[in-house]
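Asker: So that we are looking at the same thing, I have put the structure below in structure tokens.
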Amino acid sequence: MQALELLLNRSSFNQLTAPAPSQDALDNILKAGMRAPDHGSLTPFRFIVFQNEALNDLGEIFAEAAELDDAPCEKIEKAKNMPLRAPLIIAVIANVTEDHKIPVSEQIITAGCAVHAMQMAAVAQGFQGIWRTGDFAYHQHVRKQFKLKGEDQIVGYLYIGTPSKDVPIKPAKNLNEHVEYW
Ligand SMILES: Cc1cc2nc3c(=O)[nH]c(=O)nc-3n(C[C@H](O)[C@H](O)[C@H](O)COP(=O)(O)O)c2cc1C
20 MQALELLLNR SSFNQLTAPA PSQDALDNIL KAGMRAPDHG SLTPFRFIVF
70 QNEALNDLGE IFAEAAELDD APCEKIEKAK NMPLRAPLII AVIANVTEDH
120 KIPVSEQIIT AGCAVHAMQM AAVAQGFQGI WRTGDFAYHQ HVRKQFKLKG
170 EDQIVGYLYI GTPSKDVPIK PAKNLNEHVE YW
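In terms of this note's numbering, the sequence shown opens at residue 20 and continues consecutively.
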């Protein structure tokens, strides 16, 4: 797929099924994430890959978090099944250096750029994906399991897989409402 075609038609898709990207395709995705623009070369991110049984482990972590919140049974069950919505999830963590001349906000932007780059690398290889956060990107229990410290953030869970049907093309947003020429 041509880079410009990809960027001009980019969209997310949440109906994802097996097969997941092969190891080679996954390596390309991860390498694209590593190329995120990075002020000060702090490499302020960690990627945690969940596939196969690890998706159930992630579901257990989400369910434990819901249980700690005294959520009703159906919400706990829903939390447990969330990671099963795709055959591959990459949790992207902003692994920030505090008290540095590069502000934490810029380091978090870098981690966000990594998510976007990985989503695009997945699409470029024939897969689809969606960037999600939700309550379990901010929950203390999840942060603890992933060993986050201080101002680290889970910037997203990138769900990736094969689209289970044709991906609809969304209409483009109105450029004129968001662009000014000074
Ligand atoms: C930081 C961030 C967090 C997001 N979290 C969620 C989420 O938890 N659930 C969800 O359905 N979409 C979430 N989205 C939005 C989707 O990734 C997607 O962008 C949205 O559905 C619009 O679709 P599009 O990308 O095709 O325009 C999030 C996007 C960003 C940038």
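The beta-carbon is built from N, C-alpha and C at its ideal position, and this holds for glycine as well.
(1) Since F66 contacts G52 with CB under 8 Å, what's their CB separation in whole angstroms?
(2) Look at the alpha carbon of M137 and the alpha carbon of I48, and state the distance between them as a whole number of angstroms.
(3) One question on the structure: do K94 and A105 come within less than 7 Å of each other, judged by their Cβ atoms?
(4) Identify whether T116 lies in helix, strand or coil by the three-state DSSP scheme.
(5) Give me the residue from G148, Q147, A82 with the minimum Cα distance to H158.
(6) How far does the beta strand (DSSP E) with R151 in it extend, from its first residue to its last?
(7) Tell me A110's beta-bridge partners as DSSP assigns them.
(8) Measure how close the beta-carbons of P40 and L107 come, nearest whole angstrom, since I'm counting them as under 8 Å.
(9) Starting from S41, follow the alpha helix (DSSP H) in both directions and report where the run begins and ends.
(10) Does any residue of chain B have a CB that is nearer than 7 Å to the CB of W150?
(11) For W150, is the beta carbon positioned less than 6 Å from some heavy atom of ligand 1?
Answerer: Working from what's here:
(1) Locating residue 66 in the sequence shown gives position 47, counting from the first residue. Locating residue 52 in the sequence shown gives position 33, counting from the first residue. Rounded, the Cβ-Cβ distance is 6 Å, consistent with contact.
(2) As a position in the sequence shown, residue 137 is number 118, starting the count at 1. As a position in the sequence shown, residue 48 is number 29, starting the count at 1. In a straight line, the C-alpha of M137 is about 5 Å away from that of I48.
(3) Counted from its first residue, the sequence shown places residue 94 at position 75. Counted from its first residue, the sequence shown places residue 105 at position 86. No.
(4) Here residue 116 corresponds to residue number 97 of the sequence shown, with the count starting at 1. Here T116 sits in coil by DSSP.
(5) If you number the sequence shown from 1, residue 158 lands on position 139. The shortest C-alpha separation from H158 is found at A82.
(6) As a position in the sequence shown, residue 151 is number 132, starting the count at 1. Residues 147–151.
(7) Indexing the sequence shown from 1 puts residue 110 at position 91. BP columns for A110 point to I67, Y176.
(8) Residue numbering aside, residue 40 sits at position 21 when the sequence shown is read from its first letter. Residue numbering aside, residue 107 sits at position 88 when the sequence shown is read from its first letter. With a Cβ gap of about 6 Å, P40 and L107 count as contacting.
(9) Taking the sequence shown and counting its residues from 1, one reaches residue 41 at position 22. That residue, S41, is in no alpha helix (DSSP H); it is neither H nor E in DSSP.
(10) Checking the listed chains, one finds no chain B in this structure; it contains a single protein chain.
(11) Translated into positions along the sequence shown, residue 150 becomes position 131. It does: the Cβ of W150 is within 6 Å (strictly closer) of some heavy atom of ligand 1.
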